[in-house]
Ligand SMILES: NC(=O)C1=CN([C@@H]2O[C@H](COP(=O)(O)OP(=O)(O)OC[C@H]3O[C@@H](n4cnc5c(N)ncnc54)[C@H](O)[C@@H]3O)[C@@H](O)[C@H]2O)[C@@H](O)CC1
Ligand SMILES: Nc1ncnc2c1ncn2[C@@H]1O[C@H](COP(=O)(O)OP(=O)(O)OP(=O)(O)O)[C@@H](O)[C@H]1O
Ligand SMILES: [Mg+2]
């Protein structure tokens, strides 16, 4: 009996040691990747003009959902973009404008010339975030398909989230092989995409492999699977972001992530792979957005506990950004 207890204790010590080694290793990996994120952040400078640090467009917002595009667009500004546009359905526009005087809001998505109306702006935009609060109306989704095609033709980076991922699950060919696309699925959105591409369910015991395979099958688009740990892959590398957040899971946190990512993607592509130590700039940008969102969640939770909402997290963007990237 006592020798069995001894064996049990030894086994537990081995497991504990292995776990703490793994933890130490992953903390070191996280710190190394955070350093790469710091390398892509442009310095603030008095010689720059308005617009140079980012002009970002969010495509989303319909009668039902006005919060999601607002969260994404305001997060882009708070992270450091100079201008943030929202292209939404007409019913959503006055609501979004009333939330914030800082956003430029175009009520065009449900007009017959929607693609043309957005295309006019594309030469002036550095990145698009497609999907927050878009809804699943077929006519809107059809316009978004045209907007995605126009963005690809101009080589504009696109972050695809929420209902934009619904569209991609219906038509994966839309982003197949487009290396400037980043997909940011939550649990359900990832399962839907995986099922659409592989015609079978995700292996829940192999999250890393599933994310890697999905990215590869889509022609190396960057995939960010959000969850307790965020798993990111460009089809070659797999990164894990375990920045401490909290247990509070209010809606809108993913919108903060996709909006911040719009800016970071622009900065990362501007900097190029020399500063990201051979890692894909988009993967580094995605790691930055995941860390930032989780840090905002952590800080907001310290102050507000169970009543934390996404607006409280957005109020933390400035200090969370400084803590992670400007120390
Ligand atoms: N204030 C707003 O306007 C908000 C609007 N939102 C919009 O709402 C629309 C639908 O988004 P949804 O995210 O609900 O998408 P889905 O309609 O695909 O639903 C996802 C479902 O998965 C569940 N889920 C999430 N994580 C899970 C996990 N780990 N395990 C099991 N189930 C899990 C959620 O409870 C949710 O019911 C999108 O347009 C989105 O942008 C959201 O962004 C939230 C905030
Ligand atoms: N269990 C968890 N523990 C810690 N952080 C989590 C957990 N689940 C999700 N997150 C974090 O919350 C953020 C949003 O992820 P989530 O899965 O809620 O996205 P979402 O469903 O798209 O959100 P939204 O409500 O904006 O649509 C990400 O930064 C992710 O890292
Ligand atoms: Mg979402």
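In the UniProt record's numbering, the protein residues as written are 1 to 327.
C-beta atoms are modelled at their ideal positions from N, C-alpha and C, and glycine is treated no differently.
Boundaries (first-last residue) of the beta strand (DSSP E) holding residue 294: From DSSP, residue 294 is part of no beta strand (DSSP E) but of the alpha helix (DSSP H) over 281 to 304.
Near ligand 3: residue 162 beta-carbon under 6 angstroms from a heavy atom: Yes, the Cβ of residue 162 comes within 6 angstroms of a heavy atom of ligand 3.
Secondary structure of residue 221, DSSP reduced to three states: Note: residue 221 maps to coil in three-state DSSP.
The alpha helix (DSSP H) enclosing residue 57, as first and last residue numbers: No alpha helix (DSSP H) contains residue 57, which is instead part of the beta strand (DSSP E) from 55 to 59.
Straight-line Cα distance separating residue 124 from residue 49: The C-alpha of residue 49 lies about 14 angstroms from the C-alpha of residue 124.
C-beta atoms of residue 226 and residue 186 nearer than 7 angstroms: Cβ distance < 7 angstroms, so residue 226 and residue 186 count as in contact.
Beta-carbon proximity check, residue 285 vs residue 268, cutoff 7 angstroms: For residue 285 and residue 268, yes; Cβs fall inside 7 angstroms.
Segment contact, 8 angstroms Cβ cut-off, at least three pairs: the segment 127 to 138 with the segment 154 to 167: Counting Cβ pairs under 8 angstroms, three or more are found: they touch.
For residue 95 and residue 72, believed in contact at Cβ under 8 angstroms, the rounded distance: No, residue 72 and residue 95 are not in contact; Cβ-Cβ is about 15 angstroms, not under 8 angstroms.
Beta-carbon proximity check, residue 81 vs residue 54, cutoff 7 angstroms: Yes, the pair counts as a contact, with Cβ atoms nearer than the cut-off.
Among 76, 188, 162 and 83, the one whose alpha carbon lies nearest that of residue 321: Closest by alpha carbon: 76.
Own chain, CB closer than 6 angstroms to residue 120, minus 5 neighbours either side, in chain order: Within the same chain, residue 120 has no close Cβ partners at all.
Distance cut-off 6 angstroms: residue 309 Cβ against heavy atoms of ligand 5: No copy of ligand 5 occurs in the structure displayed; its ligands are ligand 1, ligand 2 and ligand 3 alone.
At least three beta-carbon pairs within less than 8 angstroms, the segment 175 to 190 to the segment 212 to 232: With a cut-off of 8 angstroms, the segment 212 to 232 and the segment 175 to 190 count as touching, because enough Cβ pairs lie within range.
Same chain only: Cβ atoms within 6 angstroms of residue 84, ignoring 5 sequence neighbours per side: Only residues of its own chain outside the window of five on either side were considered, and among them 56, 73, 76, 77 and 103 have a CB closer than 6 angstroms to the CB of residue 84, listed in chain order.
Outcome for residue 213 when other beta-carbon atoms lying within 10 angstroms are tallied against a minimum of 16: With 16 or more Cβ atoms within 10 Å of its Cβ, residue 213 is classed as buried.
Beta-bridge pairing of residue 230 - partner residues as DSSP gives them: Beta-bridge pairing links residue 230 to 241.
Segment contact flag, the segment 293 to 303 with the segment 236 to 255, C-beta cutoff 8 angstroms, min 3 pairs: By the Cβ rule, the segment 293 to 303 counts as touching the segment 236 to 255, because three or more pairs are nearer than 8 angstroms.
Per-residue burial, residue 287 [other beta carbons within 10 Å of its own, 16 or more giving buried]: The residue in question, residue 287, is buried, as its Cβ has 16 or more Cβ neighbours within 10 Å.
Residue 268 (DSSP reduced to helix, strand or coil): In the structure shown, the three-state DSSP call for residue 268 is helix.
Simplified DSSP assignment, three categories, for residue 144: Collapsing the DSSP output to three states places residue 144 in a helix.
Rounded C-alpha distance that separates residue 180 from residue 109: Approximately 23 angstroms, taken between the alpha carbons.
Spatial neighbours of residue 207 in its chain, beta-carbon cut-off 6 angstroms, leaving aside the 5 residues before and after: Closer than 6 angstroms at the Cβ level, and outside the excluded window around residue 207, lie 231.
Simplified DSSP state of residue 104, which is helix, strand or coil: Under the three-state reduction of DSSP output, residue 104 falls in the strand class.
Element boundaries [alpha helix (DSSP H), containing residue 116]: Counting along the chain, the alpha helix (DSSP H) containing residue 116 begins and ends at 114 to 119.
Residue 220 Cβ short of 6 angstroms to ligand 3 heavy atom set: No, the Cβ of residue 220 stays beyond 6 angstroms of every heavy atom of ligand 3.
Sequence-distant residues of its chain with Cβ nearer than 6 angstroms to residue 126 (five each side left out): Residues 54, 55 and 266 of the same chain have their beta carbon placed closer than 6 angstroms to that of residue 126, with the five preceding and five following residues left out of the count.
Nonlocal neighbours in the same chain, by C-beta distance under 6 angstroms from residue 270, ignoring five residues either side: Taking C-beta separations shorter than 6 angstroms and ignoring five residues to either side along the sequence, residue 270 has no partners in its chain.
Coarse secondary structure for residue 34, derived from DSSP in three states: Three-state result, residue 34: helix.
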